[in-house]
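Residue numbers (the working numbering): 55 to 305.
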């Protein structure tokens with residue numbers, strides 16, 4: 055059916071990045087905005103870009119977000135000219151970078167999870183099409199109560215997936231807003247275009263209130279709850295399948 059899947063928008067980011075790459079992308083977006091705001095000239099921006107690329111290729115890691123951000127900044131700073139020392143944190147703060155990293159990471163996972171939901175849902179619909187007259191027992195309290203079809207049973211799994219997919223898309227829309235440019239939470243001291251930075255990172259826009267930008271966790275929680283909503287029907291399907299198979303064995 056043509057309406058089985060509502061495709062993810064083509065301008066949404068692809069999945070597969072790691073935390074270090076997300077930090078690099080965030081710092082690069084800030085550097086590009088500093089160039090646009092004429093804080094950096096072309097030569098300075100080129101030097102910053104080369105330093106960030108050096109840090110990206112170093113394959114750095116950290117046990118905590120703050121450690122990872124610090125390691126990448128320090129590695130880039132080590133190859134910058136002395137006159138550009140401190141430019142990577144100019145007018146910004148690690149708090150906004152960490153908040154952006156969190157949203158990029160959860161957004162990436164949400165996209166992957168949404169893809170998995172749709173693939174599984176399509177597979178179950180195809181399987182149901184093949185078993186519209188395949189009989190199986192409907193179980194009540196672990197005992198067969200009356201006959202039904204396997205397709206009907208699968209429909210009871212597919213329908214909650216449609217709901218879960220809708221919840222994930224709604225949660226994704228809330229999450230897909232950028233905190234970059236919020237600094238510690240009072241906003242950048244430099245006149246940067248937060249919307250432009252958000253767009254460069256694939257966000258729909260910037261979070262309006264800068265305090266909320268670095269303090270908000272509700273949007274992340276929304277994605278977690280949407281994920282849980284998709285796990286429940288799978289668990290129910292597996293549990294009932296085990297019961298049916300056990301009944302067949304006992305017979």
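From the three backbone atoms N, C-alpha and C, an ideal C-beta is built for every residue, glycine too.
Report back the beta-carbon spacing between residue i and residue j to the nearest angstrom; my notes put them in contact at under 8 Å.
i, j, result
"residue 122", "residue 115", "7 Å"
"residue 91", "residue 164", "That belief does not hold up - the Cβ atoms of residue 91 and residue 164 are roughly 31 Å apart, past 8 Å."
"residue 108", "residue 130", "7 Å"
State the Cα-Cα distance for the pair residue i and residue j, rounded to the nearest angstrom.
i, j, result
"residue 247", "residue 289", "46 Å"
"residue 291", "residue 260", "40 Å"
"residue 145", "residue 237", "7 Å"
"residue 189", "residue 161", "41 Å"
"residue 206", "residue 187", "9 Å"
"residue 204", "residue 175", "15 Å"
"residue 194", "residue 272", "38 Å"
"residue 93", "residue 132", "21 Å"
"residue 84", "residue 192", "58 Å"
"residue 249", "residue 262", "10 Å"
"residue 155", "residue 199", "52 Å"
"residue 235", "residue 251", "8 Å"
"residue 82", "residue 213", "42 Å"
"residue 139", "residue 166", "38 Å"
"residue 75", "residue 136", "25 Å"
"residue 215", "residue 284", "6 Å"
"residue 170", "residue 274", "19 Å"
"residue 59", "residue 185", "Because the pLDDT of residue 59 is 32, which lies under 50, any placement of that residue in the model is unreliable, and the number read from its coordinates should be weighed accordingly. Going by the C-alpha atoms only, they are around 21 Å apart."
Take residue i as the anchor and find which of the options has the nearest alpha-carbon.
i, options, result
"residue 266", "92, 178, 150, 86", "150"
"residue 210", "236, 178, 230, 228", "178"
"residue 255", "98, 132, 269, 231", "231"
"residue 103", "124, 134, 119", "134"
"residue 98", "180, 142, 147", "142"
"residue 80", "169, 153, 268", "153"
"residue 128", "77, 170, 94, 175", "77"
"residue 120", "158, 73, 139", "73"
"residue 217", "282, 90, 244, 92", "282"
"residue 244", "137, 222, 138, 147", "147"
"residue 276", "269, 229, 253", "229"
"residue 181", "208, 215, 278, 112", "208"
"residue 222", "198, 279, 253", "279"
"residue 227", "166, 139, 258", "258"
Apply the 10 Å Cβ neighbour rule to residue i and answer buried if 16 or more other Cβ atoms are within range, or exposed otherwise.
i, result
"residue 172", "buried"
"residue 87", "buried"
"residue 183", "exposed"
"residue 201", "exposed"
"residue 110", "buried"
"residue 100", "exposed"
"residue 293", "exposed"
"residue 270", "buried"
"residue 96", "exposed"
"residue 268", "buried"
"residue 70", "Summary for residue 70: the model assigns pLDDT 46, below 50, so the residue's position carries little reliability; its value from the coordinates is reported in the next sentence. With fewer than 16 Cβ atoms within 10 Å of its Cβ, residue 70 is classed as exposed."
Quick check: residue i and residue j, are their CB atoms within less than 9 Å of each other?
i, j, result
"residue 287", "residue 264", "no"
"residue 168", "residue 219", "yes"
Does any residue of chain C have a CB that is nearer than 9 Å to the CB of residue i?
i, result
"residue 90", "In the structure shown, chain C does not exist; there is a single protein chain."
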